[in-house]
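Numbers in the working numbering are just positions in the sequence shown, counted from 1, shifted up by 25.
Quick notes on the structure that follows.
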Amino acid sequence: GVEVNVRKEVIPGERYPILVKEYRTPEGALKQAVRQTPDWPHGDEVPLWDDFMVPRSRSAKYLVEDEDDVRCFRLLFEEPNEEDLEAFSEKAKRYKRFAEDRGVLINGSMTIALGDIAAWSCGIDNMISWSFRKPALLHGLLDAILEWALKYVQQILSTGVADAVTCRGYYENMDIWSPRLYEKFFAPRLRRMSELIHKGGAKFCYHNTTGIMPALEIFRDIGVDVLYGPDPVEGTNKVDLQETKDRVGEDVCLWGGMNAPVTLGIGTPEEIEKRVREAVQALAPGGGFILSAMESIILGHDPKTCGSIPWESVECMIKTWRKVSDYPINGFHLS
Numbered sequence: 026g027v028e029v030n031v032r033k034e035v036i037p038g039e040r041y042p043i044l045v046k047e048y049r050t051p052e053g054a055l056k057q058a059v060r061q062t063p064d065w066p067h068g069d070e071v072p073l074w075d076d077f078m079v080p081r082s083r084s085a086k087y088l089v090e091d092e093d094d095v096r097c098f099r100l101l102f103e104e105p106n107e108e109d110l111e112a113f114s115e116k117a118k119r120y121k122r123f124a125e126d127r128g129v130l131i132n133g134s135m136t137i138a139l140g141d142i143a144a145w146s147c148g149i150d151n152m153i154s155w156s157f158r159k160p161a162l163l164h165g166l167l168d169a170i171l172e173w174a175l176k177y178v179q180q181i182l183s184t185g186v187a188d189a190v191t192c193r194g195y196y197e198n199m200d201i202w203s204p205r206l207y208e209k210f211f212a213p214r215l216r217r218m219s220e221l222i223h224k225g226g227a228k229f230c231y232h233n234t235t236g237i238m239p240a241l242e243i244f245r246d247i248g249v250d251v252l253y254g255p256d257p258v259e260g261t262n263k264v265d266l267q268e269t270k271d272r273v274g275e276d277v278c279l280w281g282g283m284n285a286p287v288t289l290g291i292g293t294p295e296e297i298e299k300r301v302r303e304a305v306q307a308l309a310p311g312g313g314f315i316l317s318a319m320e321s322i323i324l325g326h327d328p329k330t331c332g333s334i335p336w337e338s339v340e341c342m343i344k345t346w347r348k349v350s351d352y353p354i355n356g357f358h359l360s
């Protein structure tokens, strides 16, 4: 088993207290340490994975920093016991009944990821550095993550209720990686995941919202059935919706087309309606399109709240979609 303990340390020279979490495995101890700044959202706890721990300014020590850590990392998780599997199966059956009654799909997701878990575990700067200087170390970490991800996916598929399984790839986008490095470190592993999901009778959904343009054909060739994330607003290299449709729309369902924090968060009704019409016009012809606002829709009117979105903006998006979403869509005027 794995023993876990958390402690708080005050270290000379450090401006903030340091929260240290240790995982003692049969192969040795893993330790992660974070600075408890005023905006730290977890109190005196240190979650295993979290975006707050990715920046080096936040993490005094990452969970994984060398080959010994990777060996311990492989032992952090336990196989589910019979009681766990039975409870999971019963929950899946309830979801299935709910979905059938309402005519909706079931998507399995949670923490199915490769690059995201790696970034949470070792930091994005280490990931990039290792890809050049210590490729074996990065391969080893990604293999350890993939091993458990495939087991997790297999458990989802074994219930027979999942219509799709989503792998998140926020830290795998082309704003961070070149296509060459992506094909070296991520594509082969994602292809294994895709093959397993397809063998289980489900669709492979890949969540990637920014920097996707250089990799569209790579996604398609990996076996992505649904690309969850085309966002025309977010990122350094904006997504061109029409080009995305032209390049992969015949083979890949495109789920997105809208932005939540900017378009819905601060956009006028006229701007929201225009964006909906542009998304539908570009992505809907021929089918294979799910309109959605990318990133979280956090409801509220407080402009000081990051991502705060008035419900009226969501209603405006839905009402406009209802006006223009009838198939077949042969093009229409935006005015």
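Here a beta-carbon is modelled for each residue, glycine too, at the ideal position from N, C-alpha and C.
Query: Reduced DSSP secondary structure (H/G/I, E/B, other) of His223; Result: helix
Query: Straight-line gap, Val305 to Ala169 (C-alpha atoms, nearest Å); Result: 40 Å
Query: Through-space distance from Met238 to Thr269, alpha-carbon basis; Result: 7 Å
Query: Closest Cα partner of Val45 within the set Pro286, Glu34 and Asp126; Result: Glu34
Query: Residue range of the beta strand (DSSP E) that includes Leu279; Result: Cys278 to Asn284
Query: Contacts around Gly236, its chain only, beta-carbon distance under 8 Å, and the 5 residues preceding and following it disregarded; Result: Asn198, Met199, Asp200, Ile201, Gly260, Thr261 and Asn262
Query: Spatially closest choice to Ser82 from Cys341, Val59, Leu88 and Tyr253, by CA coordinates; Result: Val59
Query: Short Cβ contact (8 Å threshold) for Asp188 with Leu130; Result: yes
Query: Distance, Arg40 Cα to Phe157 Cα; Result: 33 Å
Query: Between the CA atoms of Pro37 and Ala212 - distance to the nearest angstrom; Result: 44 Å
Query: Selection from Thr191, Arg205, Ile247 and Gly226 that minimises the alpha carbon distance to Arg217; Result: Ile247
Query: Own chain, CB closer than 8 Å to Trp346, minus 5 neighbours either side, in chain order; Result: Val301, Val305 and Leu316
Query: Own chain, CB closer than 8 Å to Glu172, minus 5 neighbours either side, in chain order; Result: Arg99
Query: Residue range of the alpha helix (DSSP H) that includes Asn372; Result: Because the chain is modelled from 26 through 360, residue 372 falls outside the range shown and cannot be assessed.
Query: Nearest-angstrom Cα separation, counted from Asp256 out to Gly312; Result: 18 Å
Query: Closer than 7 Å: Ile149 CB and nearest the ligand ADP heavy atom; Result: The model depicted lacks the ligand ADP and carries no ligand whatsoever.
Query: C-alpha gap between Lys159 and Leu167, whole angstroms; Result: 13 Å
Query: Residue burial classification, Thr288 (beta-carbon count within 10 angstroms, cutoff 16); Result: buried
Query: Chain-order list of residues whose beta-carbon lies under 8 Å from that of Gly165 (same chain, five-residue window excluded); Result: Glu92 and Val95
Query: Collapsed DSSP secondary structure at Glu34 in the structure displayed; Result: strand
Query: Limits of the alpha helix (DSSP H) - the one that Gly140 falls within; Result: Gly140 to Cys147
Query: Boundaries of the beta strand (DSSP E) in which Thr50 is found, first to last residue; Result: Ile43 to Thr50
Query: Inter-residue Cα distance where the pair is Phe314 and Arg245; Result: 15 Å
Query: 6 Å Cβ shell around Thr62 - same chain, five flanking residues per side excluded; Result: Tyr41
Query: Beta-carbon contacts of Cys97 that lie in its chain and below 6 Å, excluding the five residues immediately before and after; Result: Thr50, Glu52, Gly53 and Leu55
Query: Same chain, Cβ closer than 7 Å to Val89, neighbours up to 5 away in sequence not counted; Result: Val95, Phe98, Ser146, Cys147 and Leu166
Query: His358 (DSSP reduced to helix, strand or coil); Result: Annotation note: pLDDT 47 at His358 (below 50); position unreliable, coordinate value reported separately. His358: coil per DSSP, three-state reduction.
Query: Counted within 10 angstroms of its Cβ, other Cβ atoms place Arg214 as buried (16 or more) or exposed; Result: buried
Query: Alpha carbon of Cys278 to alpha carbon of Met342, nearest angstrom; Result: 20 Å
Query: Counterpart residues of Cys192 in DSSP-defined beta bridges; Result: Tyr231
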